[in-house]
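Protein chains in written order, with the working numbering: chain V, 1 to 265; chain L, 266 to 599; chain Y, 600 to 977.
Virtual Cβ for every residue (Gly too), placed ideally from N, Cα, C.
Right, one structure below, let's go through it.
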């Protein structure tokens, strides 16, 4: 059976994320209680797995590293059609940079067992590095294609996929097992369904802490991160705004006038 | 002897056998860092038929170029490129490694960083050496700026977008050392770039457009986005966006302006339906006049522009387009 | 601690309903407002999204998720379009008499198709001579061999034209105290939907008249016992009908609050957003209080219903409260928007018109009070 692992992340709801700010006095983040949702690009990753499940009769494992609340998004992925879920959760995993995150996830994948394909969104909406997919691949010693926007050909071992480039693509031939990170253009994710949520009741989510995962504290979380945040600072806006008011017509007139006077239109 | 620190490296990138502008920008910045660290600037360049361009790297400030010059290297080949750079890094122990945050760089950098067990920062908008000579990598986040450092592991790696650092002045008299590279024999062959296909982008490139209109989540839906696109067309502007608009599928990633996208420096910037998050605003380097249209009076953008209109962009922009057209007609008839 | 929170699973159901409302229902709103028609595409989409299967047990092809999940779904859809919320809630209303009083054969015949949205249901009680007073109806039935002959007219029936599996209340033509409820299928000889109403609100939700002229209904379509049909019809309306209105009203309340907050943050007067002004804040607070109260009343009743307890009184309280609150919320929302509130491009003007259709549906506010007083006095 073709085995797929989908790595997903719980991120602050992008619609509310702007409420998280730096407090210049304490140099910490405020409003960190913004609700967590499934990272948008991970939905495209799940959708790829679901399409392959149908095509190739595949088994989908959903994996995430996060706080206990991240269990909800693993459940959501099972409701979308994943077969089983794993959540790597421990205080020791906290504060991880991309390197430590990729390492921890790679260890999780090794513990889960053999696989043919690992899929994840190309980036998360909060970290936005795009590092985790490739670094996981490096730790697992398998190839990776980032920014996959089309599966051209599946095969017994060799697949052909397109990876998005500025103004074009590169056509890659890759031997599985491999990691794919996916773009928004790859597919249109299906929505949650009521019966999917019902079916998810019987599906198992296993939680592993640091002992169960079998890794040393020094290799994960903040301790396992080569990078750290050394400073948080606010930035002052540099311009004083003139708010133009009036009826819609008046505002438009005034704006055009100001821009004409400045010589920019 | 002062020179205990390893060199500052730039992994240069070429497309169609031409070195990208971002590589020169990074060499220029590497030179500044290296001078402060009293060390040298070295560049790794992998490609084919690159001979004619190497002197430009020296002119930009490089002291040494490690050159892989062979047909097999024409395209970015993940396993080969990674292996060659990792071996070189292990041998020459750079202190700092800079890579352009292009599509390719964004894949290559983490592959190298993981193999070297070192830290990597994405989309830096500034690099500063602190008083301990550690590289502070600055990125915008949470409405402010955070500094990231890699205190112990080496090299300290960072990716930087084109346009963050200026094109360096070229000193044609500078020369340097070329170190030719062999392609290693024992590399697993599990992935290959078969071909690279590029299309010419339509419209005015963002980086050089005199007027830039940028849209964000406030467009609401494709209909709303079209209204913003119409504004851009009316002004003969280049159309850019924030990340949410790309995520929604209204515009492609290449048009995203910001920390992980393009840098623009227009005469006029109009931000429509976007809140003014720092990740986007850092992509605007010195516009002469900045305007914002947003229906949320509390949006951060209203502290960063010259003129602000608080209104629903879907309702206001069509009216604005009419007024601009009237103005343009008057210009023609004068 | 009494647990007033929804379970994780219920939150996921809510998310699924919201996603459907935003991707599939929202684009249909302007078409519905313009044409007054409920699109076939949307009926199909609702069926595919399993929206009609919620209250039907698994053994009859449904999802067996119960009345709380059903209220959640109606609420989320009504936030975007209460016209669609209303259509959906009446589907469940049409299902209920068959579910609660039907024979095994009837359930097997109708419920699986209704779960898929292949059969669209409704319950027809109201007539020109009685809605609040159902005993005043004049549609009659008489038995003839193995058929019942129905004669009369029903009015203000939701899903009148798009429905094809209607449970109809009629009076014994020889005994004015005996009532029976029948399933009348679309295409039955002597049955046809006639006039379509043009309502001030909930446009696109199909409301109209049904005419029965010597309509021949097979005897096996009688639901429950002959002569005991009032109970069949009214119990469906009392719980599922009222419950559906609660879901609709909560959706309208929430939509009014959300639109008002957005506008209040955007509208600048005296150099600041009007959300800074106390009179606006008072209205927002009122809307929030009513919304919280309405949700607590509604979900209390649906929880009781799910656990098999009698709940029609609690539903009467919730129905009264939420439908009245939705009308207040809509007025406040329009007031907050000032002149813009009267303009069709602003959704709040639609919420105002929609809110007025909430009142008389599934029992007027005055009737709710009669029921509640009876409850208190008993």
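Of the residues the options, the one placed nearest residue i, counting alpha carbons only
i, options, result
"residue 396 of chain L", "L:559, L:298, L:504", "L:298"
"residue 703 of chain Y", "Y:683, Y:659, Y:785", "Y:659"
"residue 739 of chain Y", "Y:746, Y:745, Y:773, Y:716", "Y:773"
"residue 493 of chain L", "L:469, L:287, L:478", "L:478"
"residue 676 of chain Y", "Y:852, Y:903, Y:906", "Y:852"
"residue 131 of chain V", "L:449, L:385, L:555, L:518", "L:385"
"residue 813 of chain Y", "Y:820, Y:788, Y:884, Y:823", "Y:788"
"residue 256 of chain V", "L:561, L:596, L:507", "L:596"
"residue 46 of chain V", "V:91, V:28, V:192, V:223", "V:192"
"residue 974 of chain Y", "Y:626, Y:945, Y:911, Y:656", "Y:911"
"residue 232 of chain V", "L:345, L:404, L:370, L:310", "L:404"
"residue 30 of chain V", "L:409, L:282, L:352, L:555", "L:409"
"residue 688 of chain Y", "Y:671, Y:868, Y:752", "Y:671"
"residue 317 of chain L", "L:488, L:282, L:461, L:398", "L:282"
"residue 751 of chain Y", "Y:729, Y:619, Y:650, Y:831", "Y:729"
"residue 356 of chain L", "L:461, L:534, L:271", "L:271"
"residue 526 of chain L", "L:533, L:490, L:549", "L:549"
"residue 341 of chain L", "L:329, L:296, L:412, L:276", "L:276"
Simplified DSSP assignment, three categories, for residue i
i, result
"residue 131 of chain V", "coil"
"residue 756 of chain Y", "strand"
"residue 65 of chain V", "strand"
"residue 555 of chain L", "strand"
"residue 426 of chain L", "coil"
"residue 266 of chain L", "Because the pLDDT of residue 266 of chain L is 45, which lies under 50, any placement of that residue in the model is unreliable, and the number read from its coordinates should be weighed accordingly. Three-state result, residue 266 of chain L: coil."
"residue 494 of chain L", "helix"
"residue 738 of chain Y", "coil"
"residue 585 of chain L", "helix"
"residue 388 of chain L", "strand"
"residue 771 of chain Y", "strand"
"residue 792 of chain Y", "strand"
"residue 709 of chain Y", "helix"
"residue 371 of chain L", "helix"
"residue 515 of chain L", "coil"
"residue 153 of chain V", "strand"
"residue 357 of chain L", "helix"
"residue 89 of chain V", "coil"
"residue 328 of chain L", "coil"
Beta-carbon contacts of residue i that lie in its chain and below 6 angstroms, excluding the five residues immediately before and after
i, result
"residue 274 of chain L", "307, 359, 362"
"residue 343 of chain L", "456"
"residue 266 of chain L", "Reliability of the predicted coordinates at residue 266 of chain L is poor, the pLDDT of 45 falling under 50, and the value obtained from them is presented with this limitation in mind. No residues qualify anywhere along the chain."
"residue 505 of chain L", "471, 477, 479, 520, 522"
"residue 245 of chain V", "none"
"residue 59 of chain V", "1, 3, 83"
Sequence-distant residues of its chain with Cβ nearer than 8 angstroms to residue i (five each side left out)
i, result
"residue 367 of chain L", "278, 285, 287, 427"
"residue 707 of chain Y", "659"
Cβ-based neighbour list, residue i, same chain, cut-off 7 angstroms, excluding 5 preceding and 5 following
i, result
"residue 797 of chain Y", "635"
"residue 509 of chain L", "481, 482"
"residue 313 of chain L", "282, 334, 335, 336, 338, 339"
Practice item. Could you please tell me which residues of the segment 354 to 387 of chain L, in chain order, have their CB closer than 8 angstroms to any CB of chain Y? Key: So nothing in the stretch comes that close.
Review point. Given a limit of 8 angstroms on CB to CB distance, which residues of the segment 738 to 766 of chain Y reach chain L?
Key: Cβ contacts with chain L: none found.
Review point. Name the residues in the segment 866 to 889 of chain Y whose C-beta lies less than 7 angstroms from a C-beta of chain L; which are they?
Key: Considering only beta carbons, the part of the segment 866 to 889 of chain Y lying closer than 7 angstroms to chain L consists of 867, 872, in chain order.
Review point. Does the segment 323 to 335 of chain L come close enough to the segment 300 to 308 of chain L to have 3 or more Cβ pairs within less than 8 angstroms?
Key: Counting Cβ pairs under 8 angstroms, three or more are found: they touch.
Review point. So does the segment 955 to 972 of chain Y actually touch the segment 799 to 819 of chain Y, counting three or more Cβ pairs closer than 8 angstroms?
Key: Yes, the segment 955 to 972 of chain Y touches the segment 799 to 819 of chain Y.
Review point. Are at least three pairs of beta-carbons, each pair with one atom in the segment 101 to 109 of chain V and one in the segment 412 to 424 of chain L, less than 8 angstroms apart?
Key: Flag = no, the segment 101 to 109 of chain V and the segment 412 to 424 of chain L do not touch.
**Study point:** Inter-stretch contact (C-beta, 8 angstroms, three-pair minimum) for the segment 777 to 786 of chain Y and the segment 759 to 769 of chain Y
**Key:** Touching, yes.
Point to revise | Segment contact, 8 angstroms Cβ cut-off, at least three pairs: the segment 561 to 578 of chain L with the segment 524 to 541 of chain L | key: Verdict: yes, contact present.
Check your understanding: Below 8 angstroms, can you find three or more Cβ-Cβ pairs linking the segment 217 to 228 of chain V to the segment 74 to 84 of chain V?
Key -> Touching, no.
Point to revise | Chain-ordered residues of the segment 454 to 482 of chain L with a beta carbon less than 9 angstroms from chain V | key: Listed by position along the chain: 454, 455, 456, 457, 458, 459, 460, 461, 462, 463, 464, 465, 466, 475, 476, 482.
Check your understanding: In the segment 614 to 627 of chain Y, which residues sit with their C-beta less than 7 angstroms from some C-beta in chain V, listed in chain order?
Key -> Against chain V - using a Cβ distance shorter than 7 angstroms - the residues of the segment 614 to 627 of chain Y are 614, 615, 618, 619, 622.
Practice item. Scan the segment 550 to 574 of chain L for residues whose Cβ lies nearer than 9 angstroms to a Cβ of chain Y and list them as they occur along the chain. Key: Here the close residues are 559, 560, 561, 562, 563.
**Study point:** Contact between the segment 162 to 175 of chain V and the segment 198 to 206 of chain V (3+ Cβ pairs under 8 angstroms)
**Key:** Flag = no, the segment 162 to 175 of chain V and the segment 198 to 206 of chain V do not touch.
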